[in-house]
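This note's numbering applies: residue 3 is where the sequence shown begins, and numbers increase by one. For glycine and all other residues, C-beta sits at the position ideal for the given N, C-alpha and C. The structure appears right after this line, and notes come after that.
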Amino acid sequence: MYQRKSNLQNLIIMLLDCATIATSLILANYLRNGRLFESDDMRMDFGLLLGASLVVFLALNLFGNLYRGMLLRGPLHELFCIVRNNAVLFAGAAVSLYFMGLLDAYSRLVFLYFVLIDCALMLVVHQLWKKLLPSLYRIFKERRRTLLVADDAFAEELAEDMQASKGLSYELIGIALMGDPAGKKQVCGLPVVAGREELVDYCTTASLDEVIVAVSDTQDERTLRLVDTLSQMGVTVHYRISVPELSGAHQKALTQFGRFYTVTYANRFVPTGQLVLKRLMDLAGGLVGFCFLALLTVIVGPVIRLESPGPVFFAQKRVGRNGRIFKMYKFRSMYADAEERKKELMAHNEMSGLMFKMENDPRITRVGAFLRRTSLDEFPQFVNILKGDMSLVGTRPPTLDEFARYSPYHKKRLSFRPGLTGMWQVSGRSDITDFEEIVRLDVEYIDNWSIWLDIKILLKTVLQVFARKGAR
Numbered sequence: 003m004y005q006r007k008s009n010l011q012n013l014i015i016m017l018l019d020c021a022t023i024a025t026s027l028i029l030a031n032y033l034r035n036g037r038l039f040e041s042d043d044m045r046m047d048f049g050l051l052l053g054a055s056l057v058v059f060l061a062l063n064l065f066g067n068l069y070r071g072m073l074l075r076g077p078l079h080e081l082f083c084i085v086r087n088n089a090v091l092f093a094g095a096a097v098s099l100y101f102m103g104l105l106d107a108y109s110r111l112v113f114l115y116f117v118l119i120d121c122a123l124m125l126v127v128h129q130l131w132k133k134l135l136p137s138l139y140r141i142f143k144e145r146r147r148t149l150l151v152a153d154d155a156f157a158e159e160l161a162e163d164m165q166a167s168k169g170l171s172y173e174l175i176g177i178a179l180m181g182d183p184a185g186k187k188q189v190c191g192l193p194v195v196a197g198r199e200e201l202v203d204y205c206t207t208a209s210l211d212e213v214i215v216a217v218s219d220t221q222d223e224r225t226l227r228l229v230d231t232l233s234q235m236g237v238t239v240h241y242r243i244s245v246p247e248l249s250g251a252h253q254k255a256l257t258q259f260g261r262f263y264t265v266t267y268a269n270r271f272v273p274t275g276q277l278v279l280k281r282l283m284d285l286a287g288g289l290v291g292f293c294f295l296a297l298l299t300v301i302v303g304p305v306i307r308l309e310s311p312g313p314v315f316f317a318q319k320r321v322g323r324n325g326r327i328f329k330m331y332k333f334r335s336m337y338a339d340a341e342e343r344k345k346e347l348m349a350h351n352e353m354s355g356l357m358f359k360m361e362n363d364p365r366i367t368r369v370g371a372f373l374r375r376t377s378l379d380e381f382p383q384f385v386n387i388l389k390g391d392m393s394l395v396g397t398r399p400p401t402l403d404e405f406a407r408y409s410p411y412h413k414k415r416l417s418f419r420p421g422l423t424g425m426w427q428v429s430g431r432s433d434i435t436d437f438e439e440i441v442r443l444d445v446e447y448i449d450n451w452s453i454w455l456d457i458k459i460l461l462k463t464v465l466q467v468f469a470r471k472g473a474r
């Protein structure tokens, strides 16, 4: 699943700049007139001045693309751009007020103070934004872990271009060489993680979102087979193509990485707005669930410890979106030595495939059995949802042991953030004993995902929980 490049980053800095303009005008008016929004001239309308300034600024941004290359600018270059934009903003606002016959109602000192304050504040805001942006990508876990795949002809160029682009949404994890990687440990500082023969095995077990492929022979059958296998994992593939330069047309509609133009292959192209809405749903549901979790912990926690010594919560390493490792939390429903006893019980596994499931599992406590029947043991996963490791709806996160035995096709079910509930849970979880059927349902969910499908699954989950309670 591929999220198209978003203008959200530019939208946020544009809104910050609008707030900076408003703040600068208020301060400028206060310095000149001693009041925040009024002056000695009754004809001066502060709202009109602010409105004219914002309209001119938004029009300037619409036609001038003020934020192109912003992350690559140094402080002096940034200051030059800000002064230039403020000069145009001042001229545009002045012309607007002139044609309305109100220019003489505004003090020239207000304009002068405004330009000086706005230039200073904008420079501070822009520099802070550049410093803060990488942290925001890390906090919201939206950086795309990217592997470069190249032959000897393009390896250094591709590595240099990607490192120089400062694309904060991409996290480069290494480079795979399609030629002979013998003796090469790094290319432009990036570690060489695989050669042609090891590429599929590496990508199957690696935490990986996207691959950028740049090879000389774009029709080489061996390379195309490898890339096709990567696509079966649910990995987004950007494949270099040769694009002619046309003198009469200076813009292209392909994905560009430095000097390389690529065609992008993905299981689905998803608008950013839908993913933002899904995350907002997760945060809202996570906050509600966390409130219930706090109450449940007070009630259930002492009972869990009374029956069986050990912690109230059980934390287990699971594999999340595209191979990311995280700790998933539950109320402890088993005895403290459950993981050690699992090996003894493998002969009783009722699942065909990589998962383990056993009816009347002797490792489950009496309190744990009740928590599982009522799904109360899942409530600590609302912490994972708030952290961004999980979603309300998604696919089941496998254990490390399960993931180690995945085939490339199995990894496709990890191309979406794992969920508290999902397609297979509302399709008769207790009746499904074939791991491949679970994979099929998870892939079906990914292929057909929409906000409405998430809402439908959530409603079915709630109905199933209450149905189980009513059946007792």
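Do you know whose CA, among V467, Q234, M180, E223, lies nearest R374's CA? Nearest neighbour of R374 by Cα position, chosen from V467, Q234, M180, E223, turns out to be V467.
D211: CB within 8 Å of a non-hydrogen atom of the ligand ADP: For the ligand ADP, the structure offers nothing, since it holds no ligand at all.
Specify the secondary structure class of G260 as computed by DSSP and reduced to three states. Three-state result, G260: coil.
Can you give me the C-alpha to C-alpha distance between G236 and W451, rounded to a whole angstrom? Straight-line measurement puts the Cα of W451 at about 14 Å from the Cα of G236.
Residue range of the beta strand (DSSP E) that P193 falls in? 192-197 is the span of the beta strand (DSSP E), which, as asked, contains P193.
Under three-state DSSP, which class holds I214? DSSP, reduced to helix, strand and coil, places I214 within a strand of the structure shown.
DSSP three-state call for Q318: helix, strand or coil? Q318 falls in the strand class under three-state DSSP.
Contacting residues, own chain, Cβ-Cβ under 6 Å from V58 (five flanking each side not counted): Annotation for V58: L91, G94, A95 place their beta carbon closer than 6 Å to its own, counting only its chain and skipping 5 residues before and after.
Alpha carbon of S171 to alpha carbon of L308, nearest angstrom: Their Cα atoms are separated by approximately 48 Å.
For Q188, does the three-state DSSP call read helix, strand or coil? Correct three-state label for Q188: strand.
When you compare the CB positions of S26 and F116, do they come within less than 9 Å of one another, or not? In this structure, S26 places its C-beta atom within 9 Å of the C-beta atom of F116.
Spell out a yes or no on whether the segment 378-390 and the segment 294-302 are touching, meaning 3 or more CB-CB pairs, one atom from each, closer than 8 Å. They touch, by the three-pair rule.
For E380, does the count of other Cβ atoms within 10 angstroms reach 16, so buried, or fall short, so exposed? Result: buried.
Among L114, L123, G66, which one has its Cα closest to the Cα of L81? Cα-wise, what sits closest to L81 is L123.
From L160, M336, G390, pick the residue whose C-alpha is nearest to that of R368; which is it? If you compare the alpha carbons of L160, M336, G390 with that of R368, the shortest gap goes to M336.
List in chain order: all unbroken beta strand (DSSP E) runs of 3+ residues lying wholly within the segment 359-420. DSSP assignment within the segment 359-420 yields the following whole beta strand (DSSP E) runs of 3 residues or more, N-terminal first: 393-395.
Alpha carbon to alpha carbon, how far is L160 from G260? Give it in angstroms, no decimals. Distance from the CA atom of G260 to the CA atom of L160, rounded to whole angstroms, is 8 Å.
Have a look at I214 and R365 and give me their C-alpha separation to the nearest angstrom. When rounded, the separation of the alpha-carbon atoms in I214 and R365 is 46 Å.
Please report how far the alpha carbon of I191 lies from the alpha carbon of Q258, in whole angstroms. The residue asked about is misnamed: residue 191 is Gly in this sequence, not Ile. Distance between the alpha carbons of G191 and Q258 is about 22 Å.
M330 - DSSP class collapsed to helix/strand/coil: Judged by DSSP in its simplified three-state form, M330 adopts strand.
Residue interval of the beta strand (DSSP E) (run including T238): For T238, the enclosing beta strand (DSSP E) covers residues 238-242.
What three-state label does DSSP hand L91 in the structure shown? Helix, per DSSP.
L232, enclosing alpha helix (DSSP H) - first and last residue: Taken as a continuous stretch (DSSP letters only), the alpha helix (DSSP H) holding L232 covers 223-234.
Let me check one thing: in DSSP terms, what residues is A178 bridge-paired to? BP columns for A178 point to V151, A196.
Could you name the residues of the same chain whose beta carbon sits closer than 7 Å to that of K413, not counting the 5 residues immediately before and after it, in chain order? Excluding its 5 nearest sequence neighbours in each direction, K413 has C-beta neighbours in its own chain below 7 Å: T206, M235, G236, listed in chain order.
T22: which of Y32, R34, L56, G275 sits nearest, CA to CA? Selected option, being the one with the closest Cα: L56.
Using 8 Å as the threshold, is the segment 173-190 in touch with the segment 269-278, meaning 3 or more CB pairs across them? Judged by Cβ distances under 8 Å, the segment 173-190 makes no contact with the segment 269-278, as fewer than three pairs qualify.
Option nearest P77 by Cα separation, candidates Q129, E212, V189: Checking every option, the nearest Cα to that of P77 belongs to Q129.
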